[in-house]
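Numbering (my numbering), first residue to last: -9 to 367.
For glycine and all other residues, C-beta sits at the position ideal for the given N, C-alpha and C.
As the structure is a computational prediction, the values presented were derived from the model and not from experiment.
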Amino acid sequence: MNDDVGSLPTREIWRGIEIHRPLHIDVSDSLPDVIAEDVKKWGRGIQFFSKILVYNYLSAAKLINELVKKESFKYDLVIAHDWLSVIAGITVKKQLGLPMVFHVHSTEQGRTLGHGSKVVSSIEHRGGQTADLVITVSYAMREELLSLGFPRDKVEVCYNGVDPEKYSPEKIDPNKVKALRERYGIKDEDLMLFFIGRLVGVKGVDKLVMAMPHVLQSVPNAKLVIVGLGDLQDYLQRLVNMLKLQDAVKFRFEFIPEEERILHYAACDVAVFPSLYEPFGIVALEAMSMERPVVVGAAGVSGMREIVIPCGEEQCGYHINPNNPADIAWGIVNAVQDPERRKFLGKNGRKRVLSEFTWDKIAEQTLKLYERVAAKK
-9 MNDDVGSLPT REIWRGIEIH RPLHIDVSDS LPDVIAEDVK KWGRGIQFFS
41 KILVYNYLSA AKLINELVKK ESFKYDLVIA HDWLSVIAGI TVKKQLGLPM
91 VFHVHSTEQG RTLGHGSKVV SSIEHRGGQT ADLVITVSYA MREELLSLGF
141 PRDKVEVCYN GVDPEKYSPE KIDPNKVKAL RERYGIKDED LMLFFIGRLV
191 GVKGVDKLVM AMPHVLQSVP NAKLVIVGLG DLQDYLQRLV NMLKLQDAVK
241 FRFEFIPEEE RILHYAACDV AVFPSLYEPF GIVALEAMSM ERPVVVGAAG
291 VSGMREIVIP CGEEQCGYHI NPNNPADIAW GIVNAVQDPE RRKFLGKNGR
341 KRVLSEFTWD KIAEQTLKLY ERVAAKK
């Protein structure tokens, strides 16, 4: 999909792959007459829903009418990711008879903790019923999809990955790390805890702030840096003020580019992601690739429970109950207190990434699944 002003090429060749980006138009003014009540409640978000609908139908129409029927392009599969593109995938499958692979990275029910759109959930469910194969990002997600009625024999797991060459502690400038810590007022002797993500309830960031008084009892020089955007920004600031944590918790309410995100991982001592719902948790992988211990939410649907080994010789972090600030603090204190322990956990984390979670390995696994479906055509 193109951006709002159409600044990207609508058609180009990239690494031998022909890419098409339909321009969208805003049809949100007409949507209230044709869509369900729960989508109308999105308010201004209805414009996003509008763009998604237009993107799906324009993409499907271009593929079917122009590329296949007019220009005789040959395709083996149609691949859709989440509800955002599965309408187009279903349309192409029905019109051209192509097998469809549906990648599901999360569900509407899960990411909204049961308060989401029934329309979006219905789109997801239809995609699961129509697809020849569903690929999801963790076994926890597979169980969730099965509980929602996805066909058991269709659902396979293929983890996400990370680029360990890019996320490498060997490529970090220590002067930049020092400058970043100074930006937050963090001294050399302080221990930096780091959270990055959407500032919404499902990420557990409010419980992380509530955990800090417990952490400070054992680690008085701990400093928490929170980076991200979201609906909880004002609430989090009030919470910090109420708990008198102004010296211990630092906010940066913005989206930061990847290069700076990598620098934050390098600057921290422990990364903490106490999500209540996390189908995979690529931020945990990124931190592990940077040789940082991780403390992760392990309740409910949690791909991070599968990524992070919590005990034994291969331990790389701690599992915690994201609903319990005291338990979050327990994980942080255990991960951060002993410098040799931090090093041990961090080294194990990167070793696990190199063994199981490189993009080359994940791409190979995904391609094998695609080939299996295409062979049945």
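For residue i: DSSP bridge partner residues
i    : result
A70  : F92
W349 : Paired residue(s): none; W349 is not in a bridge.
I310 : G287
S292 : E268
V152 : T348
Nearest residue (CA-CA) to residue i, options the options
i    : options                   : result
L370 : V323, D259, Y225 and R173 : It is not possible to answer for residue 370, since the shown part of the chain is limited to -9 through 367.
K351 : P154, G194, A50 and V68   : P154
G293 : F263, V284, G271 and M280 : G271
T356 : M278, E146 and V44        : E146
L198 : F263, L88 and V209        : F263
S96  : I297, A365, R331 and V291 : V291
P164 : V152, P141 and D178       : D178
K83  : E98, S111, G117 and P159  : G117
D237 : Q223, L222 and P210       : P210
F334 : V284, V110 and V109       : V284
M280 : R295, L233 and G339       : G339
A169 : H115, L(-2) and E250      : E250
E172 : R331, G139 and V215       : V215
G139 : H115, S158 and V152       : H115
G287 : N311, I299, I297 and K234 : N311
V152 : M232, K166, I297 and L86  : I297
R142 : Y129, K52 and Y149        : Y129
G87  : V94, H93 and G79          : G79
V217 : S208, K234, L253 and I3   : L253
K52  : T0, D224, V127 and Y157   : T0
V363 : I69, G106 and I3          : I69
P159 : A257, L266 and E354       : A257
Q227 : L189, V260, A261 and D259 : L189
P269 : C148, K108 and D66        : C148
D328 : C301, V58, S265 and V260  : V260
V195 : S111, E354, A50 and L222  : L222
Q85  : N55, S111 and F92         : N55
For residue i, the three-state DSSP class (helix, strand or coil)
i     : result
M182  : strand
S158  : coil
S62   : coil
D19   : Annotation note: pLDDT 43 at D19 (below 50); position unreliable, no value reported.
V298  : coil
Y360  : helix
Q305  : coil
E354  : helix
V343  : helix
K366  : coil
Y45   : helix
V323  : helix
V76   : helix
E281  : coil
I54   : helix
V190  : coil
G336  : helix
D163  : coil
L(-2) : coil
I176  : coil
D317  : helix
V24   : At V24, the pLDDT of 44 sits below 50, so the modelled position is not reliable and the matter cannot be decided from this model.
Any non-hydrogen atom of the ligand PLP within 7 angstroms of residue i CB
i    : result
V286 : Within the structure as shown, the ligand PLP is missing, as the structure has no ligands at all.
So, does the region 56 to 67 touch the region 97 to 110, judging by three or more C-beta pairs under 8 angstroms? The region 56 to 67 makes no contact with the region 97 to 110; the number of CB pairs closer than 8 angstroms stays below 3.
Continuous alpha helix (DSSP H) assignments of at least 4 residues falling wholly in the region 96 to 150: 98 to 101, 108 to 120 and 129 to 137
What are the start and end residues of each continuous alpha helix (DSSP H) run of 4 or more residues lying completely inside the region 194 to 277, in chain order? 195 to 208, 223 to 232 and 248 to 257
Stretch pair the region 119 to 127 + the region 235 to 247: three plus CB contacts closer than 8 angstroms: no
Answer yes if the region 126 to 145 comes into contact with the region 329 to 347, meaning at least three C-beta pairs across the two stretches below 8 angstroms, and no otherwise. no
Using a Cβ distance threshold of 8 angstroms, determine whether the region 262 to 282 contacts the region 330 to 344, with at least three qualifying pairs required. yes
Would you check if there are 3 or more beta carbon pairs closer than 8 angstroms linking the region 201 to 218 to the region 311 to 318? yes
Examine the Cβ distances between the region 71 to 81 and the region 39 to 51 and report whether three or more of them are shorter than 8 angstroms. yes
On the three-pair Cβ rule with 8 angstroms, is the region 179 to 187 touching the region 300 to 307? no
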